[in-house]
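Written below as structure tokens is the structure these notes are about.
Protein chains: 2
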Amino acid sequence: MSTSVPPAYHHGDLRHALVEAGLELLASGGAESLGLREVARAVGVSASAPYRHFENRQALLAAIAREGFLRFDAVLRAAGEGIAPAQRLQTIGRAYIGFAFDNPQLFRLMFSPEVSKDANPALMEAARLAYQSLTNLAAAEGLPGRETAVSTWALVHGLSVLLLDDQIRLGGIEDREALIGRVLGQFVAGLRALAAH
Amino acid sequence: MSTSVPPAYHHGDLRHALVEAGLELLASGGAESLGLREVARAVGVSASAPYRHFENRQALLAAIAREGFLRFDAVLRAAGEGIAPAQRLQTIGRAYIGFAFDNPQLFRLMFSPEVSKDANPALMEAARLAYQSLTNLAAAEGLPGRETAVSTWALVHGLSVLLLDDQIRLGGIEDREALIGRVLGQFVAGLRALAAH
DNA sequence: ACCTGAACACCGTTCAAGT
DNA sequence: ACCTGAACACCGTTCAAGT
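Here the protein sequences line up with chains A and B, keeping their order. For what it's worth, my numbering labels the leading residue of the first sequence as 984, then goes sequentially. For what it's worth, my numbering labels the leading residue of the second sequence as 984, then goes sequentially.
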């Protein structure tokens, strides 16, 4: 569903248009690997035009992934708003996995080895921003901050990846949401049992 | 470090030689994406020769990933052997993350969207085999099997991916091993606190 | 300042032909 | 039965040239 505004990228925002086109290509699902020429074509520009705005294909993919993290952050932040602390971990955890399932290709790109976060501070920063929603939870639970933050994050991320990859076999009766609920439920119960020592 | 045996693949095991060469290319680190021609070149065979043994590049990558899972399985199984049940989760968890760090490129390929497990039963099967070491742990802990198995697996996998991606910022004093130890330690403590209800 | 067009080296894949 | 060699359409990237 591309908007039908006139090609404003001739006036200076080709960079933005390329990122937007990349996101749309990922959302429309067909694109497996997302090529530079493919994105240029979608915008209606020559194959070499992107090089005015991105050093190479990797840099373009990184910019798209960065935008993905910004959206990810917005989703996680919105999910936590107005939720009682006691339910926040489960709620944000569900939103995390929900984002992965709503945007599978984008989520995969965000964690793809094709875009190295180490080589791209802007991308790393956007990723960190998104993770704050999760890492902040630890304090709210009144638990040893560091371990709890890392394990919550790792649990939810691992769950997303394994479910997306269809690696966790769901039993016949059981659905995904129910499994997520029970796993997160057991996890917070464990944390609370520890806190009550 | 390629072995210097004569080219036996002219006698029928080119398939095996290609997989082996792929594993070596991944281990020697340089290869980011691992191409079909690249692997063929490493074996000393024409670019089209692999098509006698693999339908396409994806199938070759899947076979390499499958071999990765078999090695992964061997490492996890060996790690659990002769370890007291009480320490088994931590020990195998450490071995899981250890494998990821010893074989980063291979580990990434094993979980790459470039090789779809859904489309490849042999690969999926090898992956499941490797995971049994982890999922079997739940029973040993005497806990609700399903949730514990899934969350252990998700935690350890998420931790591997986030650490590999350099996403978890390690404090100045803290080293990776210590963090892993504390995270896994807190996790099993939580499980046990629950079990003791 | 920003984009096009042609060119380069490379890739995955196909297919006729060799042994 | 298994492999080669040439060919195809395609890709990322560079660079001179256009406006």
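Ideal Cβ placement from N, Cα and C applies to all residues, glycine included.
Practice problem: Give the straight-line distance between the Cα atoms of residue 1164 of chain B and residue 1076 of chain B, rounded to the nearest whole angstrom. | Solution: Rounded to whole angstroms, residue 1164 of chain B to residue 1076 of chain B spans 9 Å at the Cα level.
Exercise. With a threshold of 16 other CB atoms inside 10 Å of the CB of residue 1104 of chain A, please say whether the residue is buried or exposed.
Key: By the Cβ-count criterion, residue 1104 of chain A is exposed, with fewer than 16 other Cβ atoms from all chains shown falling within 10 Å of its own Cβ.
Exercise. For residue 1098 of chain B, return the contacting residues in chain A, with the cut-off set at a CB-CB distance below 9 Å.
Key: The contacting residues do not exist; residue 1098 of chain B stays about 10 Å from chain A at best.
Quiz item: Should residue 1030 of chain B go down as buried or exposed, given a rule of 16 or more other Cβ atoms within 10 Å for buried?
Solution: By the neighbour-count definition (other C-beta atoms within 10 Å, threshold 16), residue 1030 of chain B is an exposed residue.
Quiz item: Which residues in chain B sit within 7 Å of residue 1134 of chain A, going by Cβ to Cβ distance?
Solution: Residues of chain B passing the Cβ test: 1138, 1166, 1169 and 1170.
Quiz prompt | residue 1056 of chain A and residue 1112 of chain A closer than 8 Å at C-beta | solution = Closer than 8 Å, so yes.
Practice problem: Indicate the three-state DSSP secondary structure (helix, strand or coil) for residue 1056 of chain A in the structure shown. | Solution: In this structure, residue 1056 of chain A counts as helix in the three-state DSSP scheme.
Quiz item: By DSSP, does residue 987 of chain B sit in helix, in strand, or in coil?
Solution: Confidence at residue 987 of chain B is low in this model, with a pLDDT of 36, below 50, so the placement of that residue should be treated as unreliable; the coordinate-derived value is given next. In the structure shown, residue 987 of chain B sits in coil (DSSP, three-state: anything other than H, G, I, E or B).
Quiz item: CA-CA distance, residue 1136 of chain B and residue 1051 of chain A?
Solution: Near 26 Å, if we compare the C-alpha coordinates of residue 1051 of chain A and residue 1136 of chain B.
Exercise. Could you name the residues of chain B that residue 997 of chain A contacts, counting a contact when the two beta carbons are closer than 9 Å?
Key: Those do not exist, as residue 997 of chain A stays about 27 Å from chain B at its closest Cβ, beyond 9 Å.
Quiz item: Where are the alpha helix (DSSP H) runs, 4 residues long or more, that stay fully inside the region 1090-1130 of chain B, in chain order?
Solution: Qualifying alpha helix (DSSP H) stretches, in chain order: 1104-1118 and 1120-1123.
Quiz item: If you pair each beta-carbon of the region 1002-1012 of chain B with each one of the region 1030-1048 of chain B, do three or more pairs fall below 8 Å?
Solution: Yes, the region 1002-1012 of chain B is in contact with the region 1030-1048 of chain B.
Quiz item: Looking only at its own chain, which residues have a Cβ that is under 8 Å from the Cβ of residue 1147 of chain A, when we skip the five neighbours before and after it?
Solution: Cβ within range, chain order: 1083, 1084, 1087, 1090 and 1091.
Quiz prompt | Short Cβ contact (8 Å threshold) for residue 1158 of chain B with residue 1101 of chain A | solution = Taking 8 Å as the Cβ cut-off, residue 1158 of chain B and residue 1101 of chain A do not qualify as a contacting pair.
Quiz item: Could you give the distance in angstroms between the alpha-carbon of residue 1018 of chain B and the alpha-carbon of residue 1001 of chain B?
Solution: Near 11 Å, if we compare the C-alpha coordinates of residue 1001 of chain B and residue 1018 of chain B.
Quiz item: Helix, strand or coil for residue 1036 of chain A per DSSP?
Solution: DSSP places residue 1036 of chain A in coil when its eight states are reduced to three.
Quiz item: So, is residue 1067 of chain A buried or exposed, given that buried needs 16 or more other C-beta atoms within 10 angstroms?
Solution: Exposed is the call here.
Quiz item: Can you tell me whether DSSP reads residue 1149 of chain B as helix, strand or coil?
Solution: Note: residue 1149 of chain B maps to coil in three-state DSSP.
Quiz item: Got a sec? Which residues, its chain only, sit under 7 Å from residue 1032 of chain A by beta carbon, not counting five neighbours each side?
Solution: Closer than 7 Å at the Cβ level, and outside the excluded window around residue 1032 of chain A, lie 997 and 1023.
Quiz item: In whole angstroms, what separates the C-alpha of residue 1074 of chain B from that of residue 1062 of chain B?
Solution: So the alpha carbons of these two residues sit roughly 7 Å apart.
Exercise. Answer yes or no: does any C-beta atom of chain A fall closer than 8 Å to that of residue 1091 of chain B?
Key: It does: the Cβ of residue 1091 of chain B has a partner Cβ on chain A nearer than 8 Å.
Exercise. Identify the contact partners of residue 1130 of chain A in chain B, using a Cβ-Cβ distance below 9 Å as the criterion.
Key: What residue 1130 of chain A touches in chain B: 1162, 1165, 1166, 1168, 1169 and 1170.
Quiz item: Quick one: is residue 1180 of chain A buried, meaning 16 or more other Cβ sit within 10 Å of its Cβ, or exposed?
Solution: Exposed, by the Cβ-count rule.
Quiz item: If residue 1098 of chain B sits next to residue 1117 of chain B, beta carbons under 8 Å apart, how far is it from one beta carbon to the other, in whole angstroms?
Solution: Contact flag wrong, Cβ pair sits at about 21 Å.
Exercise. For residue 1049 of chain A, count neighbouring Cβ atoms within 10 angstroms of its own Cβ and tell me buried if that reaches 16, exposed if not.
Key: Result: buried.
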